[in-house]
Amino acid sequence: MIAVLHHSRLKTVSRRHPWIFSRAIRRFSDTPHSGDVVTLVDEQERFLARGLWSTQSEIRLRVLTWDDEPIDETFWRGRIQQALDLRGPVPPGQARRLINAENDYLPGLVVDQYGEWLVLQALTAGMEAHKDMLSAILGDMLRPRGIYERSDVDIRRREGLKDATGVLWGEAPPPLVEIQENGLRFWVDLLHGHKTGFYLDQRENRALLGRMVRPGARVLNAFAYSGGFGIYAYAAGAQEVISVDASQSALELAERNLALNGVEDAPLLVGDVFTLLRDLRDDGERFDVIVLDPPKFAKSKTQVESALRGYKDINLTALSLIKPGGLLLTFSCSGLVSTDLFRKVVFGALEDSGREAQVLRELGAPEDHPVALTFPEGAYLKGLLCRVLD
35 MIAVLHHSRL
45 KTVSRRHPWI
55 FSRAIRRFSD
65 TPHSGDVVTL
75 VDEQERFLAR
85 GLWSTQSEIR
95 LRVLTWDDEP
105 IDETFWRGRI
115 QQALDLRGPV
125 PPGQARRLIN
135 AENDYLPGLV
145 VDQYGEWLVL
155 QALTAGMEAH
165 KDMLSAILGD
175 MLRPRGIYER
185 SDVDIRRREG
195 LKDATGVLWG
205 EAPPPLVEIQ
215 ENGLRFWVDL
225 LHGHKTGFYL
235 DQRENRALLG
245 RMVRPGARVL
255 NAFAYSGGFG
265 IYAYAAGAQE
275 VISVDASQSA
285 LELAERNLAL
295 NGVEDAPLLV
305 GDVFTLLRDL
315 RDDGERFDVI
325 VLDPPKFAKS
335 KTQVESALRG
345 YKDINLTALS
355 LIKPGGLLLT
365 FSCSGLVSTD
375 LFRKVVFGAL
385 EDSGREAQVL
395 RELGAPEDHP
405 VALTFPEGAY
415 LKGLLCRVLD
């Protein structure tokens with residue numbers, strides 16, 4: 035199957051961005067179907083790339099390779115091994131991202147390891163068509179107890195795909211799987227939890243918080259999910275951590291994780307996080323450390339402006355809750371919001387607050403979440419560690 039690139043798009047392709055949009059395709063040799071391997075050529079029919087087709091997405095072709103090579107089992111095994119070589123063996127009982135989609139040159143494929151279990155997400159029509167074969171290869175290479183699919187994400191709607199969950203290889207995981215992270219213990223819900231069950235991309239930032247929190251500190255963990263940041267804070271000697279989230283089930287899991295690490299009766303607040311933080315402010319509450327780790331506010335370009343307002347609002351409220359000399363860890367996981375734009379929004383909130391602050395560190399995902407240099411969208415997680423002054 036061959037697709038001909040419009041001559042006006044050659045410069046874009048020369049930069050090796052892995053997404054080829056529908057308007058860049060001039061014609062086809064035949065009508066491709068979703069999941070087909072398609073060869074991209076220029077108008078003189080010279081080879082450009084080879085990738086996977088999607089009939090319903092604006093991103094019609096996701097490039098697998100810029101070399102004229104067959105997309106066969108040898109290719110897939112080689113790409114998977116290349117990703118595994120970066121991570122090395124995952125220690126027993128720990129968790130890592132093994133395959134990070136476009137950033138590991140396997141567009142649309144995410145694979146996370148939780149101890150003996152793998153969780154796979156097929157985000158695109160191309161990977162949907164190949165997920166059974168890929169699961170068999172992963173099972174053969176890694177020999178997990180099971181591979182569970184969590185392809186229940188919004189991005190699949192744009193590919194014309196329905197949600198898909200269930201066992202792809204081996205056994206089904208139990209309702210909760212225990213993992214260890216830097217000596218702390220966590221229950222992970224692989225079947226229904228956020229993402230693939232846990233925010234693996236925040237591992238190093240949780241550890242950083244643990245190093246920064248001083249004994250006796252009062253901490254606010256906003257958008258707490260299963261309590262990760264709060265558990266690190268308690269382990270560092272925090273006197274109190276208030277965890278806030280909109281999900282009752284998430285906070286129930288946080289409570290179990292706190293108990294797993296020896297913390298009982300920690301305050302958990304369920305409800306709209308924006309409202310709850312304003313209530314804490316109005317009640318005169320103040321904190322030594324605040325963590326803001328909200329969900330993705332911008333899922334499409336049309337939502338970026340409202341997302342920026344949301345980020346500014348929540349950061350402005352947080353700034354009013356921090357004691358002088360306190361710390362703010364603030365994040366955005368919206369790929370459509372660039373690092374520079376997020377920084378400007380936080381600085382705008384700081385300006386409106388009338389306070390001074392120092393940026394101690396810019397934050398992102400750990401090395402098991404690499405970013406391909408030709409795919410800047412891969413740097414979706416960005417954050418700032420700030421010291422807030424008077």
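Each residue of the sequence shown is one higher than the one before, counting from 35 in our numbering. Just so you know, even glycine gets a beta-carbon here, dropped at the ideal spot from N, CA and C. Keep in mind it's a predicted model, so treat the numbers as computed, not measured.
* **Beta-carbon proximity list for W53, same chain, < 6 Å, skipping 5 on both sides** => Only I93 meet the Cβ criterion.
* Report yes or no: is there a C-beta of chain D within less than 7 Å of the C-beta of F220? => You won't find chain D in this structure, because it holds only one protein chain.
* **Three-state secondary structure assigned by DSSP to D146** => Here D146 sits in strand by DSSP.
* Should V325 be labelled buried (16 or more other beta-carbon atoms within 10 Å of its own) or exposed? -> That one is buried.
* Just the Cα atoms here: how many angstroms apart are Q90 and E193? -> Between the alpha carbons of Q90 and E193 lies a gap of roughly 5 Å.
* Under a three-way DSSP split, which group does R113 fall into? -> Looking at R113 - three-state DSSP - the assignment turns out to be helix.
* Asked: Apart from the five residues just before and just after F109, which ones in its own chain have a Cβ nearer than 8 Å to its Cβ?
  -> Cβ neighbours of F109 within its own chain (closer than 8 Å, five residues either side excluded): L98, T99 and E103.
* Are S368 and K335 closer than 7 Å when you measure CB to CB? -> Taking the C-beta atoms as reference points, K335 is found no nearer than 7 Å to S368.
* Through-space distance from V380 to D316, alpha-carbon basis -> Whole-angstrom Cα-Cα distance: 21 Å.
* With C-beta atoms as the reference, is E205 less than 7 Å away from G180? -> Taking C-beta atoms as the reference points, E205 and G180 count as a pair closer than 7 Å.
* Mind checking whether G127 and G149 have CB atoms under 7 Å apart? -> At a Cβ-Cβ threshold of 7 Å, G127 and G149 count as neighbours.
* Asked: Would the beta-carbon of S277 fall within 7 Å of that of G264?
  -> For the 7 Å CB-CB criterion, S277 and G264 form a contact.
* To do: Kindly provide the ranges of any alpha helix (DSSP H) runs that are 4 or more residues long and lie completely inside the segment 258 to 298, ordered along the chain.
  => Runs of the alpha helix (DSSP H) inside the segment 258 to 298: 262 to 269 and 282 to 294.
* Asked: Which whole runs of the alpha helix (DSSP H) in the segment 137 to 219 are 4 residues long or more, in chain order?
  -> For the segment 137 to 219, whole alpha helix (DSSP H) runs of length 4 or above, ordered along the chain, are 159 to 176.
* To do: Could you pull out every residue in the same chain whose Cβ sits closer than 8 Å to the Cβ of M35, ignoring the five residues on either side in sequence?
  => For M35, where only same-chain residues beyond five positions count, the Cβ hits under 8 Å are F62, S63, D64, P66, D70, V71, V72, T73 and W87.
* Along the chain, which unbroken stretches of the beta strand (DSSP E) at least 3 residues long are found entirely within the segment 39 to 71? -> Segments of the beta strand (DSSP E) lying fully in the segment 39 to 71: 53 to 55 and 59 to 62.
* Asked: Which partner residues of L236 appear in the DSSP bridge assignment?
  -> The sequence given here has Gln at residue 236, not Leu. In the DSSP output, where bridge partners are listed per residue, Q236 has none listed.
* To do: Look up D322 in the DSSP assignment and say whether it is helix, strand or coil.
  => In the structure shown, D322 sits in a strand (DSSP, three-state: E or B).
* To do: With a threshold of 16 other CB atoms inside 10 Å of the CB of P209, please say whether the residue is buried or exposed.
  => P209 comes out exposed.
* Alpha carbon to alpha carbon, what distance is there between P410 and L118? -> Answer to the nearest angstrom: the Cα atoms are 22 Å apart.
* Asked: Leaving out five residues before and five after R96 in sequence, what residues of the same chain have Cβ atoms less than 8 Å from its Cβ?
  -> Excluding sequence neighbours, R96 sits near P52, W53, I54, G85, L86, S88, E136, P141, G142, T158 and G160.
* For E183, is the classification buried or exposed, using 16 other Cβ atoms within 10 angstroms of its Cβ as the cut-off for buried? -> Around the beta carbon of E183, 16 or more other beta carbons sit within 10 angstroms, so the residue counts as buried.
* Evaluate the contact criterion for the segment 361 to 378 versus the segment 219 to 229: three or more CB pairs, one atom per stretch, below 8 Å. => Look at the beta carbons and you see the segment 361 to 378 not touching the segment 219 to 229: under three pairs across the two are nearer than 8 Å.
* To do: Go ahead and label V122 buried or exposed: buried means 16 or more other beta carbons lie within 10 angstroms of its beta carbon, across all protein chains shown.
  => First, the residue type needs correcting, since residue 122 is Gly and not Val in the sequence shown. G122 is exposed by the Cβ-count criterion.
* Quick one: using the 10 Å Cβ neighbour count with 16 as the cut-off for buried, is D166 buried or exposed? => Here D166 is exposed, its C-beta having fewer than 16 other C-beta atoms within 10 Å.
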